[in-house]
Structures are given as C-alpha cells and as structure tokens.
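Before any comments, here is the structure.
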Amino acid sequence: MNLKAMRRRPMALLFIVCMMLLTSACGSTISNNASSDTTKTNSGSETVVESVKNTEPVKVVWWHSMSGELGKKLDQLVSDFNNSQQAVQVEAVFQGTYDESLNKLKAAMDSESSPTLMQVYEIGSRFMIDTKSVTPMQTFIDKENYDTTSLEPNILNYYTFDNQLYSMPFNTSNPILYYNKDAFKAAGLDPEKPPTTYEGVAKAAKALTTEGKSGASFAIYGWFMEQLLANQGKELIDNGNGRTSPATSSLLNSEAGVSILTWWKQMLDDKSIINLGRKTDDTKKAFAAGQIAMTLDSTASLRGIVSSTEGKFEVGTAFLPKPEGSNDGGVVVGGASLWIMNNRSQEEQQGAWEFIKFLAQPSTQANWHINTGYFPITKKAYDEQTVKDNLAKYPQFQTAVDQLHQTKPSLSTQGAVMGVFPEARQLTETAIEEVLNNSKSPQQALDDAAKAISSKIQEYNQTVNK
Amino acid sequence: MEKDLIIQPALKRTTLLPAFSTRSMRTNRWLERILAFVFLAPSLLLFSIFLFYPLIKSVYLSMNLTDPRGRVVQYVGLRNFTDLLTSELFYKSITVTLSFILLTVPTGIILSLILAWLAHTRLRGVQLFRFVFSLPMAISVGTGSIIWMVLYHPTLGTLNYFLSLLHIAPINWLSDPNWALLSIALMTVWMNLGFQFIVLLSGMQGVSEDIYDSAQIDGAGPLRTFFNLTIPLITPSIFFVTVVSMIGAFQAFGQINILTKGGPMNSTNVMVFNIYQDAFVNYRFGTGSAQALLLFFIVLILTLIQFKVLEKKVHYQ
C-alpha cells in the first residue's frame, strides 16, 4: 500500500506540475479593449440624444497613449469637438504607452474591435505603412483641397513618405536641455548663458557638482542618441535614413556616435554626472527635487517640470548640445501622429478626418501647446493671444519652438524610418548601458549594436512583401 | 456422502465460475474505461483547445518567419532554433534565468521555513503573525512591483534614504547591472514568501503531536527536534514548494516587465521576458515559439530530475 502510494503520487504531482506549466503559459492573452460599445457620457449628452432621433451620429473610436495631465487635456479636446457638432462623436480610449497601444493594434487589426483613429509614435510610422492597413491622410487632403501651407514644414517632412502625407501630426516635441538657474548662480555660472556644446556641458557639470548634488543626469534613452546624431547632421541608417529606399543597415557606430558616448562616459568618469537608468521619469524627478542641475528631456515634459519646480527654483531651457564646431543638423520631430485605419467604413473614416481637422485648427493647437509643452503643428497658432501671453510668462516654451524653426532640413533631421525602430532603440539603450557600466568601449558597444540592428532590419525586409 | 456433497459444488465453482467471472470482469473493465473517458471528456476538450492546440501551433510557428503583423510568411525549417542556439543573448538569458532561480528558490524556502517554524507555536497572538507572514500572497505582482519601485527609486527611494542615514553612497538598485537581478530576486522572495509560508506551516501542523511529545520525553532540544523530526516529516511539503517555486521562478515576468524591462545590459532578461519581447513586442512569433519550446524542454528535464532525484529523499507517512 505504502509503495503504491509512493509510486502513484509523484505521477499525479508531475501531472499537476505540467498542467500548471502549460496553463500559465497562455495566461498573457492580449486584452482587446472592448469598450467600443460603451455609451458616451458627455456633458452635452442631451443635445446628442436629440440628434440621435434624426440621424445616428457616426462613432469614431480613437486609441491614444496620453496619460495623466495630458490625458485629461485630451479628453477635454474630445468633448469640445463632440459638443461642437452632432454628426460625429469621438470616443477616446486610453490604451497604455505607445508601445502597448501599438501591440494592441497589431492584435486587433482586421477585427471588429480595432479603432478608426490611432495615435502612433513617430518611430512606428514605417510599420504602419508596411501593414497596408491605413488610408493615407493625403487622400483626404486631396479630396477637399485642404490647405496644408500653414502647417509646420519641418513636422510635415517627417510624416511625408513618397510625397504623400500618411498621417496627421498631433503632438510633436523635441528634446531640450533643462537646467537649474539657481544652481548655475550658486556655482558661479551665468544662468542666462546655458552650455551649448558637449565641452560646455561637461565643464558646467563639473562646476555644478557639489556634495550630495550632481551636475547632470541623462536617462539612457535611445531617442536621445538619435537626436544627438541628427543634431550633428548624421544619419542613423543607410539609404538616406531609410527615406530614399528601405534601409538595410544601421549607421549607429559612426564616428559621431562614438564621440557622443565618449563624451557621456567621460562625464560619468569625472563623477560630474550620475546614471539613473533608462527612465526619463527618474531623471525628471531628480531634477525637480534639485538633486541634479541639468537634464535632457522632451519638451512634452515642460509644463510638468515648470509647475513642479515653481517656488523651488527657476528652470532654464536650452538647445540640445552639439560638439564644438558642428554647425549642421538639428533636431528630429518627436511625438506622435494620427492614422486612419482603412478597414473601417467610409463614414467612420470621414468622421475621423473631420476630427483631425478640428485638432489641427490653430485654436485647438494653441490650447494643446499651452497646456502641455508640445509645440503647435500649425504656424498660425502663434498668432493666438493665449500663446503670446504664455510665451511672455514662460519664456522656456520659446526654446522648443526656436529649436524646431532653426533646424536645417536634411535627410538626417527629417528623421530615420525603419520597421524595427522600437527594437533598434532597445538595442541602442543596451549599448549605452554597456559603455556606462564599463563593460565595452564605445566603439565596441556601438559596433555590436549596429550589427544586431542591421540583421533585424534585414530580417524585417525579408518578411515584408514589397 | 458428505464429501461428495461438498466436492460437487466446489467442482462446479472451479469449472463454471472462473469462465463467467473473467468475461464479466473484462466487460466491466471496458465499461469502466469508457466511463472514465466520458468523465474526462470535458477537461480533455478544454486541454486540447487551450493547451495541446497551442503547443502544436508553437511547433508550427517555430519553423516559420512572421511578418510585422504576426502572419506566417516563410517556412525556414530549423533556422529559428539554430539562430537561437548560436546567439549570445539566448545563453545569457538562460544564465540569468538559472541565477534568478538560485537566488530566489533556496532563499525563499529557507526563509519561509524559519518563519513557519516560528509561527508553529501555541503562543497567544501567533495568529496575528501568521496573518502578517502570509500577507504578501494577497498582493498582486503588479501592486508589489509598484511598491518596490518606490522603495528602489534611485534618488527619492526609501532604501537609498536609509543608506544615506548610514552615510552609504546610494545604490542604483535597478539600473546597475550588478544589482538589478539581486533587487528583482529580493522582491520576488518577498512576494512568494506568503505562499511558501502557508504550505510549509500547514505541513508542520499535519505532523502528529505525539511524535513531538515522545521526542521531548527522550530529551530532544528544539533544534534537534527541528532538524531530525520536523524537516524529515514535512519533506512532502518542502518538495512540493520546491517544484512549484522553481516553475514559478522560470515564469517570473510581471516584476521584470514593470521594474527593469530586462535591462540594464540584459542583466534581468530572463527567458520568459525574452520570449515576450520577441513574440509580442517585436512580433517575431517564430523565434518566440522556438524559445518557448526550448524553455518547455528545459523545465521538463529539470522537473523530471527533481522527481527522480529529490523525490527519493521525500518521506511520505
């Protein structure tokens, strides 16, 4: 009896164990947000109900990635639009970060739960085009002869492929240098003359480092690497940054790339900067707490940084630094744009286009700019009184705008396009970590990363039918 | 006379009954088997839909390339496997996974064993301690990770604040490649403690008091009782906890996804996270499936070894 039990029990246990293993393997199903049929609850619901009696309004589902303050502002824009007319009702659904939201879209494509309008980060552009599941914005523009001359040319450039505007830019940003003016004064530096070169930043960081406080910290973020390269007029990938024809290899390990990492690493070795990891959120918090005197961050963080430091110290903003003697280049447009999916009905797509036109209006863009720090996509927004007042009160906002306007248009500043951009970023970030943690030399780390990225690009090209 | 009377029925029995009973037993056995399958059918159906079909599909996907939308575009045979077996990253993620298991499983079990031993007394108020010790079980991976994220924050975190009180330089818990895996392991040990504690405590409570009493009469001290009586008697529980914790450690994902995303320098890139990255972020279902199958075999082999080797040490009462 005892023997039998001994023999039987392990088998039963083994079976349970195998089942646990198998069942938990499929635990991570992708949650398709099925909220597309939840009813709208708007302040103006009474007027909506009235119009329903006449004609059913077209419902446009919009997936976005704006969380926190940005999300609230965005919901307000949506309800403004919904209340302004009755033909189209937009439902904004927050789908997590850009990465998460794009993954959900991949899973939902071709199904009923997919959205009509989709916010995708700039580096997802090539992917969106390659899926062949979008209606280019140009189609709508041409149909109505919509005037795009007032839109910022630098922004349009990014989203134009084969002379077609594929998506409508919505929230655009670029990276700027934030610095603590009070700390500059305390260190004997001129708070009105922020450093503009690598050498200048290194020198300032050294001067700003005191007991318990560090001169600067930059998050290990692939985007900064891309921007610092473009700021020297260097391309990230071959074939004209993937613009003239699909890219085949990465140019990350160029001389410029190595010089960026050498500069970064040198400051870390001098103990004038600290490494706080990959999250810009961590550097932002450290900056707001006065623990670091300089940091790189997106202009989208401007509003948050200015208000979280109000009363504590004065924040200055400066252009993204360049190596001494470099005059080329500028910044690449970051942020996200709006895509219309082609598997939805014509009415829905048209409704989405109406909403996009509303978002591109100078007054909407002005409102969005002031409250977030993203810059307006239309030049006319600067004529709005609210924008003028805001720039007078917070001159920090001017930096982003100037940086955008002073960018010299070229293939490098137009921005790289590749289907495996998110993955390339991960690999770049690993390379930066390897350098900062003394595991590889800048040249070695970038060589390895470029090789890995190139093979990913080639594999991608192989799977995308041309 | 009497003999005859007795023998006859006995003969009848030996000649007729065996033939009759074997036939009935055979049909009975068949009926029983069919009945067993009828009872098993619902679960077999569910298993085939949710387990066997995906398994077969994984095998299929592992031999193909998928496009950015995850659709199969090209048959590549075993290329996904050869690519994996020649890639440095894959071996790195195996090493990371194994070190993660070594860091979490033994420490977790030893800690929960100590806690269970402490809580296995008849002191007043011990219920409160039992409640506290098993509390981590009530916290989800997501919540737990966020709590630890706050603790580990490089500049504003609680842990670095305590270090600063002791005049120790702050540690980049999650962004220093030498610390990241340790930090994740620490958090995981804490998170699994509740479950392991409950299983081991119930194992201890299942041991008859008589044995302790007689040990006490024989003059055994508390340590001797613990090592020579308690531990051998709860080996079934320890074995169960070991196997389940190991599999759990193989599948650790939530805390890594939230705290480090596999970084820095892939130092926390365990296999499951790598599979997730490849399959669901980069939509490369081919390599993702290939890795999943390899992971399956690794876990299977390790579990078999555990059952063959460790099981011998287990004492079933």
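One line per chain: the protein sequences are A and B, in this order. Here the first sequence is numbered in our numbering, starting from 33 and rising by one per residue. Here the second sequence is numbered in our numbering, starting from 19 and rising by one per residue. Note that beta-carbon positions come from the ideal geometry of N, C-alpha and C, so glycine has one too.
Residue j beta carbon less than 8 Å from that of residue i
i                : j                : result
Glu465 (chain A) : Tyr253 (chain A) : no
Gln397 (chain A) : Ile409 (chain A) : yes
Lys344 (chain A) : Ser182 (chain A) : no
Leu199 (chain B) : Leu121 (chain B) : yes
Ala320 (chain A) : Tyr211 (chain A) : no
Lys317 (chain A) : Ala251 (chain A) : no
Val217 (chain A) : Pro226 (chain A) : A small fix is needed here, since residue 217 (chain A) is Lys in this sequence, not Val. No. Outside cutoff.
Glu154 (chain A) : Tyr178 (chain A) : no
Gly361 (chain A) : Ser444 (chain A) : yes
Leu79 (chain B)  : Phe298 (chain B) : no
Gly405 (chain A) : Met326 (chain A) : no
Val114 (chain B) : Ser285 (chain B) : yes
Asn273 (chain A) : Gln490 (chain A) : no
Asn470 (chain A) : Ser193 (chain B) : no
Thr260 (chain B) : Ile74 (chain B)  : no
Phe113 (chain A) : Gln151 (chain A) : no
Pro168 (chain A) : Leu197 (chain A) : yes
Own chain residues within Cβ distance below 7 Å of residue i, not counting five before or after
i                : result
Leu106 (chain A) : His96, Met98, Ala124
Arg85 (chain B)  : Note that residue 85 (chain B) is Asp in the sequence shown here, rather than Arg. Counting only Cβ-Cβ distances below 7 Å, and skipping sequence neighbours, we find Val91.
Ala384 (chain A) : Val92, Thr148, Leu149, Ile372
Phe7 (chain B)   : With chain B covering 19 to 335 only, the question about residue 7 (chain B) has no answer from this structure.
Gly266 (chain B) : Asn210
Leu54 (chain A)  : In this predicted model, Leu54 (chain A) has a pLDDT of only 49, less than 50, meaning its place in the structure is not dependable; the value taken from the coordinates is given anyway. Excluding sequence neighbours, Leu54 (chain A) sits near nothing in its chain.
Leu231 (chain A) : The sequence given here places Glu at residue 231 (chain A); Leu does not occur at that position. So the qualifying residues of the chain are Glu356.
Leu300 (chain A) : Asn307, Leu468
Beta-carbon proximity list for residue i, same chain, < 6 Å, skipping 5 on both sides
i                : result
Leu403 (chain A) : Before going on, a small fix: residue 403 (chain A) reads as Asn here, not Leu. Answer for Asn403 (chain A): Lys105, listed in chain order.
Gly162 (chain B) : Met209
Ser255 (chain B) : Val217, Leu218, Gly221
Leu293 (chain A) : Val467, Pro474
Pro172 (chain B) : Asn190
Asn359 (chain A) : none
Ile485 (chain A) : Ser282, Ala456, Leu459
Arg148 (chain B) : Ala137
With 16 other Cβ atoms within 10 Å as the buried cut-off, status of residue i
i                : result
Trp48 (chain B)  : exposed
His8 (chain B)   : Because chain B in this structure spans residues 19 to 335, residue 8 (chain B) falls outside the shown range and cannot be described.
Tyr334 (chain B) : exposed
Leu141 (chain B) : exposed
Leu478 (chain A) : buried
Lys488 (chain A) : buried
Arg275 (chain A) : buried
Ser333 (chain A) : buried
Tyr179 (chain B) : exposed
Glu227 (chain B) : exposed
Asp69 (chain A)  : In this prediction, Asp69 (chain A) scores a pLDDT of 38, lower than 50, which makes its location untrustworthy; the coordinate-derived value is nonetheless stated afterwards. Label assigned to Asp69 (chain A): exposed.
Beta-carbon contacts of residue i that lie in its chain and below 8 Å, excluding the five residues immediately before and after
i                : result
His437 (chain A) : Asn186
Ala66 (chain A)  : The pLDDT assigned to Ala66 (chain A) is 37, lower than 50, so where the model puts this residue is not dependable, and the model offers no usable value.
Gly220 (chain A) : Ala239
Gln393 (chain A) : Thr410
Gln309 (chain B) : Leu102, Phe108, Met289, Asn292, Ile293, Asp296
Pro207 (chain A) : Trp255, Phe256, Gln259, Leu328, Asp329, Ser330, Thr331, Leu352, Val363, Gly366
Glu416 (chain A) : Pro394, Ser395, Ala398
Ala156 (chain B) : Gly212
Ser481 (chain A) : In the sequence as presented, Ser is not what sits at residue 481 (chain A); that position holds Ala. So the qualifying residues of the chain are Ser282, Leu284, Asn285, Leu459, Thr460, Thr462, Ala463.
Ile112 (chain B) : Met289, Ile316
Alpha helix (DSSP H) segments (min. 4 residues) lying fully within the stretch 183–269 of chain B
Unbroken alpha helix (DSSP H) stretches of 4 residues or longer found wholly inside the stretch 183–269 of chain B: 195–223, 227–235, 240–243, 253–268, given in chain order.
Going residue by residue through the stretch 345–420 of chain A, where are the continuous alpha helix (DSSP H) segments of at least 4 residues, counting only ones entirely within it?
The stretch 345–420 of chain A contains these whole alpha helix (DSSP H) runs: 378–392, 394–404.
Closer than 8 Å between beta carbons: that is the criterion. Which residues of the stretch 81–92 of chain B meet it against chain A?
When C-beta distances to chain A are compared with 8 Å, the residues of the stretch 81–92 of chain B below that value are Leu83, Thr84, Asp85, Pro86, Arg87, Gly88, Val91, Gln92, in chain order.
So if I threshold CB-CB distances at 8 Å, which residues from the stretch 169–181 of chain B count as touching chain A?
So the list reads His171, Pro172, Thr173, Leu174, given in the order they occur along the chain.
Which full runs of the alpha helix (DSSP H) of 4+ residues lie inside the stretch 231–299 of chain A, going along the chain?
Within the stretch 231–299 of chain A, the complete alpha helix (DSSP H) runs of at least 4 residues are 254–262, 270–274.
For the stretch 135–167 of chain B, enumerate the residues whose C-beta is nearer than 9 Å to any C-beta of chain A, in chain order.
Answer set for the stretch 135–167 of chain B: empty.
Members of the stretch 301–318 of chain A that neighbour chain B once the beta carbon cut-off is set at 7 Å:
Answer in chain order: Asn307, Leu308, Gly309, Arg310, Asp314, Lys317, Ala318.
Could you name each continuous alpha helix (DSSP H) segment of 4 residues or more that falls completely within the stretch 89–131 of chain A, going from the start of the chain to the end?
Within the stretch 89–131 of chain A, the complete alpha helix (DSSP H) segments at least 4 residues long are 100–116, listed from N- to C-terminus.
Closer than 7 Å between beta carbons: that is the criterion. Which residues of the stretch 188–222 of chain B meet it against chain A?
For the stretch 188–222 of chain B, residues whose beta-carbon sits nearer than 7 Å to a beta-carbon of chain A comprise Asn190, Leu192, Ser193, Pro195.
What are the residues in the stretch 136–170 of chain A lying within 7 Å of chain B by C-beta distance?
From the stretch 136–170 of chain A, only Lys138, Met141, Phe159, Asp162, Thr163 have a Cβ closer than 7 Å to chain B.
Taking any Cβ of chain B, which residues in the stretch 272–296 of chain A have a Cβ under 9 Å from it, in chain order?
Answer set for the stretch 272–296 of chain A: empty.
Output, in sequence order along the chain, the residues in the stretch 293–307 of chain B whose CB is closer than 9 Å to any CB in chain E.
Reference to chain E is not applicable here, since the protein chains of this structure are A and B.
Counting only Cβ-Cβ distances shorter than 7 Å, please list the residues of the stretch 270–283 of chain B near chain A, keeping chain order.
From the stretch 270–283 of chain B, only Gly281, Pro282, Met283 have a Cβ closer than 7 Å to chain A.
Below 8 Å between beta carbons is the criterion; list the residues of the stretch 436–451 of chain A that meet it against any residue of chain B, in chain order.
Flagged, chain order: Gly451.
Quick one: which unbroken beta strand (DSSP E) runs of 3-plus residues sit fully inside the stretch 130–185 of chain A? Chain order, please.
Runs of the beta strand (DSSP E) inside the stretch 130–185 of chain A: 149–153.
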